[in-house]
Each structure stands twice: as structure tokens, then as C-alpha cells.
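2 protein chains.
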Amino acid sequence: MTATTSPGTASLDGPIEGFWAVVPAGGAGTRLWPLSRSASPKFLRDLTGSGRTLLQGTHDRLAPLVEDRFVVVTGRAHRDAVCAQLPDVDDASVVAEPSARDSMAAIGLAAAMLERRDPDAVMGSFAADHVIADPVAFGASVRLACAAARDDWLVTIGIEPTFASPAFGYVHLGDDLAGHPGAHAVVEFVEKPSVDVATGYLATGRYRWNAGMFVVRPTVLLDLLAEGDPGFAAALRAIAADPDTLEAAWAGLPKIALDHAVAEPAAAAGRVAVVPASFGWDDIGDFDSLATLLEDTDSASITVLGDADLVRSSAATGLVVPASGKVVAVVGLDDVVVVDTPDALLVTTRARAQDVKAIVAALKDSGRADLT
Amino acid sequence: MTATTSPGTASLDGPIEGFWAVVPAGGAGTRLWPLSRSASPKFLRDLTGSGRTLLQGTHDRLAPLVEDRFVVVTGRAHRDAVCAQLPDVDDASVVAEPSARDSMAAIGLAAAMLERRDPDAVMGSFAADHVIADPVAFGASVRLACAAARDDWLVTIGIEPTFASPAFGYVHLGDDLAGHPGAHAVVEFVEKPSVDVATGYLATGRYRWNAGMFVVRPTVLLDLLAEGDPGFAAALRAIAADPDTLEAAWAGLPKIALDHAVAEPAAAAGRVAVVPASFGWDDIGDFDSLATLLEDTDSASITVLGDADLVRSSAATGLVVPASGKVVAVVGLDDVVVVDTPDALLVTTRARAQDVKAIVAALKDSGRADLT
């Protein structure tokens, strides 16, 4: 007897039939300079010491769910690197944007292409530079989200907050979603709050982090877009119908995040669902979060990303990245961050990790854009 | 009319007739790692950004006083580098020790050679790795010391202490020296004191730092040595009489500092004089003292030794040495020390600068002596 699954039937594991991963691979990761550069952004880097880049990790995590239904949308400058890092992905599935026009254009173009290619498609968008600790739990959440998406919901996956972060947007959970145990309606998306407001959110237990993961039928996504900006949706569908027009049409598309163009108005219209999830998620926004991700909680010493034999420390804690291959000695500093690359060295503290972007901006202004 | 000076006559400027500089050039400068290495010790480095190495600065300072009467005693491994850095010094005046046997053997050998070469010689020993802010004042002090040395005193130059340092030995001033205004008899030399004891010394106004500067007739030095260790003095004189025996005889010489072998017992015997001096002296013992030496007291920012264009900082103070040529960015750290060389990077604080030697020892122990 042969096991079969029909569209809309949730199985407990294995691929999700008709499910496509859409992976926008962009962003310079400025706060991770000098590890992350505009020419070598963080999704192309192994930031966890796993031996796989963040992009490869994203593919590894999704491949069991999508098999070869995997689309990357990236900048033209990174297309070759993306193809090289993903030898199992057909080069035709790596879409190069002529320029960066924010997430609505990138994900919307993928939606328009899938709408033509597979009428039964459900797509899920997942950033190329996030880290997830428990891929099995992730897969289960995606499976739930896909089932709700087949009923024409725009479904987001809401990450259980581990602290009152002011760096993320939040999803406000509403009632249980009929027919989809574990999913909820979304009351609203809220922008990055203050720490005080975020603390209030956590106390209610009804808020989740918005990690930008959206699972939806391509046609539903484009129709939701068309409700607010019919020209935008039509332009995306026109490009998908004649890819030769991409170059000419792209620069005229609105530069807007999918959250603003679609998710927020759709939530207000009661069209969005959320699958609350807890699978150890991190977007590695800066060296402080990278240090948290990597540190051995049992030891009060230096955490090393790279070859630990290169690092010598005494009475020091924090994160050292010996990426130039030279010996790095750290003496008498707590929560320090030392990132040594072949052409630039950063020394800061975990508490000041956010300020790194100011250094990058100053380097650009002073004619050293080559280092950014 | 031609100006002439006879031996023993003090002139106000110009060379000091019969005065020889003896410059022991040794010591790895471990606390200045990774700038200073055993293969490239601090005396061979430009640590002040002056464009001259410490050895060259020592020669520049002494040449107006000694003309070509300049002898360097250094390790065999450094002889070629010393000769290359001092093109005006005859290679025959650069004496290579077969092995490091502390200062008595090194300076005593030079004394024995000068005793044979110039019966009217007065010698002054000055370390190759010290920094002096006011060479004119230095010259005046040396001139005073030479005059006293011609009267067979062992004369030291006593540096006015600028703080209660526990890192230096001290010279205890006695009565004025008859016939040599500005010079004093020495009561005793005292070893490195505690900060409390040093504070008491400073309060009396009768103590000076011992910078290891000794001015003396070679015969007086060797005869003082012979009073405590006649065999040692005889051995040095025998080597000077037949330099071919240097290799065979050297390893048998006692390994002892000139301070212990001669200066301390001679002081007890009332044979030592001191010229108190204040000419801005520093032995650059560690990165804290280097930072003090280099810092612009008017600004609360990073001090750079090297190309300041390579250093970008925000809310940071301390010392950065961008010696590998790469950009160094420092964000949000006070009194930090960052020393970036092509094969090793040090990150520490001014307060922990002394602890750098432990890192160097650990590198040696772990098979990375190539970096020390």
C-alpha cells in the first residue's frame, strides 16, 4: 500500500505537498561589521560555527518540508554566491533583484511567479539569516500554518518572546482559529515598542515576536496587496508573465515592507492568523545576541567563534572572533567583543554592540566604503 | 683663539672629552608584547612614533656628548640589527654577548675593553630602551656626573620621582658632594618598595629613582667589582686582553646585576655619588606607561601609536597601536589597550597592562614561542 497525502491534508512529518519556501536573502547586517559586509552579508556567513552559513542553515531546515520547492530572492551582486552555497538548488530558482526594493517587491515577485507555476501552491517566506534551534518544532509550526493558509488565511508564525525586546515588532493574539487547533486570529501587528510597553505585552501572554515569517497562498497574498495598491499587484503579475520586463519595471515598484503593505491592513480586516511557536529563534541582530547564542552558560570565560586555539585570555569574558587567523590575547576585560578580520578589527563591549553601525556609517562617509 | 678643554674640565656644551657611552641593549620587553618580541625587542622598535627606534634615540641623545665613543653590548641575535640601525657607529663598537649574563658581565666587559683602550676614559652606561624628554638637561646631568667620576666616584644619575612607583629601585641622597655642586653622596640603594614605602620616600624629598645610569672610570668600576669578586674582575680583564677567549670564558661568568655586584656594596662603603636630575625619563615598562608617555593630556580620546587614520573610535579612551595596517574600530571602552600586529593581537586595559607577561609565558608553554 502506498502512502499518499492530498493537498490540505496535514501529515506529521515528511514534505508538505505543494509547499514552497521563499527566502528573501538581503540586508547587510551592519551591526555585525566587520564580520558582515555589504559585499559579504551575514546570510552568506557561518556565524554559529556550525560549518554552514546562515543561508545554508535556512535551506537545511526547510528542505525536508519543501524538497526542491525552494526559491531565493537576492541582490544581483549576491546571486553567484547564493548559487554556489546551494548546489542542490536549481539556479533558475535563485531570483536576482535589479535593486533592493524592500520585502513586498521581493516576496511579491516570488508569489506572482508561483501563482503562475503552481495553482495549488502555499508559500512560506523565511529570512535567510535567522537561526532556529529546534528544526522539528519549526517544521510542526510550519505544517500548522500551511493548513490554515490553505483556507486562505495570511498566516504568520509568532515567536514566543524570551525577554521584553524593543528591537522586534509584536503580534497580538486573538481568538482561537476555528478548524485549526493551535492557531489564533491576529488582533493586530504592533511596531517595535519601548521596553516598558514590551514588558506589559509579555505580562499578558498574548503577544508574540513578529519574525517576518508569513505562510500564504500566492494568490491570497497578491489579492490582499491589490486591495491597498492594485497597481503594485498588477505590476508584479505582469513581470511574472513576462520576466523580460523585470529590469525595466522593477525600479518603478513601491519600496515598502510586506508588513506595512499587506500584513497590517489584512490584520485590521480580520484576515490574518498566527501560529504561536517556541523553537529557539534568533535573528542575530548584533554581537550581543550572537554572544548570547554561542555562549556556554556554564562557563565564565571567553566565547570563541572560530578556532579556539587562536584565543588566549586571562580574567576576561565576552566574544572573540579570530577570523584573520592570528592569535588574539584578551586580558582583564568583561563582556568584551573582539572581531578580528583580515582588513578590519572591531573592539567593543556587548552593551555597546548596537553602536557598531555608527562606525560603519563613518567609514562610508570617510571614503572607506571598501571596508563596509 | 682656539677653544680647548682638558680632561676634567667641565664645559657647558659640546662633547665631553674622554667620555664613552656604554649602551647595554638587551631585554625582551615582555610586558610590551606583541609590539616587543624576543626576536625584535623594544630597543629595536619605534615606540614613541618619533620615526627613530629607542636605540637610535639613545644614540641621538648621547652622540653630541661622546662623538664616536659609543659602545653597544647586545645579544648575538641582535648584533646585525643594531649595526643596521646605527650606521654611524663602527661595527667593531657593537659587542655581541654569546649569551645573556645580566648587566655586570655586559657592562664590565665594556669597562675592561675601555680600560685597555683609553686610560683617560670615563664611561657612562645607559640602557638602550629608555626615553628622555629633555636631552639638554640630560647632557648637563651627565657632564656633572663625569666630573665627579674623574675624582673616582661611582656616579649614578637619580631621576626625580613623579609618583610613588613600586616598579623602580630608589637612591637615597646623602650630603652634598664636596667640590661637585649639584651632586650628593649616596646613603644607599633600596630595592623596589611597596607603594606605601615609596610614598614615604617621596615625602622626604631625599629619594630618586634608580634608572641604572652609572658614570665611572672603567678602572674604578672593575676595582670595585674586584673588592667583592676578584675572580670576576680578573676574568673580564682577561677577556679584554684576548678577545678570542670571549666565547669560552663567557658562560662561566656570574649572572648578576651591576647594582648588586658593585653599586650596593660601593654605596655602603661611601664610594657612590648621585646627580639628582629631572629631564623627563621613562623606561616604557608596559602599555600603561607607554599610554601615559604618548597621551595628549588635553583630549579625552584614543591615543594612537602609528597611523591615526587607521583608528576609528566612539566613546573610547586608551591606546591603540594599528601596527598590522588594518583599520581598528573601538567603541565604548575606557582605558583600553589594543595592539594589532601582523601575527598577534592584544586587547587589554591600562590597569591590567602588567598581566601581559602571563600571556607571553602561556604562549611559550603552549608551543607558540614563535609569537614571543
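Those protein sequence lines, which keep their order, are chains A and B.
Residue numbering for the first sequence follows my numbering, beginning at 38 and increasing consecutively.
Residue numbering for the second sequence follows my numbering, beginning at 38 and increasing consecutively.
Cβ coordinates follow ideal geometry from the N, Cα and C atoms, glycine included.
Keep in mind it's a predicted model, so treat the numbers as computed, not measured.
query: Would you say Gly369/A faces chain B, with C-beta separation under 8 Å as the test?
result: yes
query: Taking Cβ positions only, does Thr41/B come closer than 8 Å to chain A?
result: Caution applies to Thr41/B, whose pLDDT of 40 falls short of 50 and renders its modelled position unreliable; the model cannot decide the point.
- request: Could you tell me whether any Cβ in chain A is nearer than 8 Å to the Cβ of Leu382/B?
  value: yes
- prompt: At least one CB of chain B closer than 8 Å to the CB of Ala121/A: is that the case?
  reply: no
Under 7 Å from the C-beta of Ala399/A: neighbouring residues of chain B: For the C-beta of Ala399/A, the chain B residues within less than 7 Å are, from N- to C-terminus, Arg349.
- request: Return no unless some Cβ of chain B is closer than 8 Å to the Cβ of Ile339/A.
  value: False, the Cβ-Cβ gap to chain B never drops below 8 Å.
message: If the cut-off is 9 Å on Cβ atoms, which residues from the stretch 385 to 396 of chain B count as contacting chain A, listed in chain order?
response: If the cut-off is 9 Å between Cβ atoms, the stretch 385 to 396 of chain B has Thr385, Thr386, Ala388, Arg389, Ala390, Asp392, Val393, Ala395 and Ile396 near chain A.
message: Less than 6 Å between C-beta atoms, sequence neighbours within five positions excluded: which residues of the same chain meet that for Trp190/A?
response: Ala310
message: Quick test of your reading: Ser361/B and Thr385/B, contact by CB under 8 Å. State the CB separation rounded to the nearest angstrom.
response: Actually they are not in contact, since the Cβ atoms of Ser361/B and Thr385/B sit about 17 Å apart, beyond 8 Å.
task: Could you round the C-beta distance between Ala158/A and Trp57/A to whole angstroms and report it? I think they count as a contact, below 8 Å.
output: That belief holds up - the Cβ atoms of Ala158/A and Trp57/A are roughly 5 Å apart, short of 8 Å.
- request: Please report the residue range of the beta strand (DSSP E) in which Thr385/A lies.
  value: Taken as a continuous stretch (DSSP letters only), the beta strand (DSSP E) holding Thr385/A covers Ala381 to Thr386.
message: Beta-carbon within less than 7 Å of Ala303/A's beta-carbon, same chain only, minus the 5 sequence neighbours each way: which residues are those?
response: Same-chain partners within the cutoff: Leu191, Leu261 and Val309.
task: Leaving aside the five residues before and after Thr39/B along the sequence, list all residues of the same chain whose C-beta is less than 7 Å from its C-beta, in chain order.
output: At Thr39/B the pLDDT is 40, less than 50, meaning the model places this residue with poor confidence and gives no usable figure here.
query: Given a limit of 7 Å on CB to CB distance, which residues of the stretch 352 to 369 of chain B reach chain A?
result: Taking a C-beta cut-off of 7 Å against chain A, the contacting residues of the stretch 352 to 369 of chain B are Lys363, Val364, Val365, Ala366, Val367, Val368 and Gly369, listed in chain order.
- request: Work out the CA separation of Ala345/B and Arg82/B for me, nearest whole Å.
  value: Rounded to whole angstroms, Arg82/B to Ala345/B spans 18 Å at the Cα level.
- prompt: Taking Cβ positions only, does Glu138/B come closer than 8 Å to chain A?
  reply: In the sequence as presented, Glu is not what sits at residue 138/B; that position holds Arg. It does not: the Cβ of Arg138/B has no partner Cβ on chain A nearer than 8 Å.
Secondary structure of Leu342/B, DSSP reduced to three states: coil
Distance between Leu69/A and Val257/A (C-alpha atoms, nearest Å): 36 Å
query: For Ala165/A, does the three-state DSSP call read helix, strand or coil?
result: coil
query: Where does His96/A land, buried or exposed, given buried means 16+ other C-beta within 10 angstroms?
result: buried
field: Within the stretch 78 to 154 of chain A, ranges of the alpha helix (DSSP H) (whole runs, at least 4 residues)
entry: 91 to 103, 116 to 122 and 139 to 154
query: When you compare each of Ile194/A, Asp171/A, Asp188/A and Ile293/A to Val179/A by their alpha carbons, which one comes out closest?
result: Ile194/A
message: Tell me the DSSP secondary structure of Trp190/B in three-state form.
response: coil
field: Contact check, Ala133/A vs Ala277/A, beta carbons under 8 Å
entry: Contact check for Ala133/A against Ala277/A fails: the beta carbons are separated by 8 Å or more.
query: How about Val367/A and Ala390/A: are their beta carbons less than 8 Å apart?
result: no
query: Quick one, which residues of the stretch 45 to 77 of chain B are near chain A if we go by CB-CB under 9 Å, in chain order?
result: Within the stretch 45 to 77 of chain B, the residues whose Cβ lies closer than 9 Å to some Cβ of chain A are Trp70 and Pro71, listed in chain order.
field: Helix, strand or coil at Asp377/A according to DSSP, with G and I counted as helix
entry: Three-state DSSP puts Asp377/A in a strand.
query: Smallest Cα separation from Gly249/B: which of Gly216/B, Pro230/B and Asp296/B?
result: Asp296/B
- request: Please state whether DSSP places Asp213/A in a helix, a strand or coil.
  value: Looking at Asp213/A - three-state DSSP - the assignment turns out to be strand.
message: Per the DSSP calculation, Met160/A is bridged to which residue(s)?
response: In the DSSP output, where bridge partners are listed per residue, Met160/A has Trp57/A and Val253/A.
query: Quick one, which of Pro172/B, Ala352/B, Leu327/B and Leu400/B has its alpha-carbon nearest Lys79/B's?
result: Leu327/B
field: Closer than 7 Å at the beta carbon, the chain B residues around Leu408/A
entry: Correct list: Val364.
- request: May I ask you to report which of helix, strand or coil DSSP gives Pro313/A?
  value: strand
task: Give a yes or no on whether the C-beta atoms belonging to Ile144/B and Ser130/B are separated by under 8 Å.
output: no
- prompt: Excluding sequence positions up to five away, which residues of its chain have a Cβ less than 6 Å from the Cβ of Ser73/B?
  reply: Gly66 and Lys79
query: Does the beta carbon of Asp377/A come closer than 8 Å to any beta carbon on chain B?
result: yes
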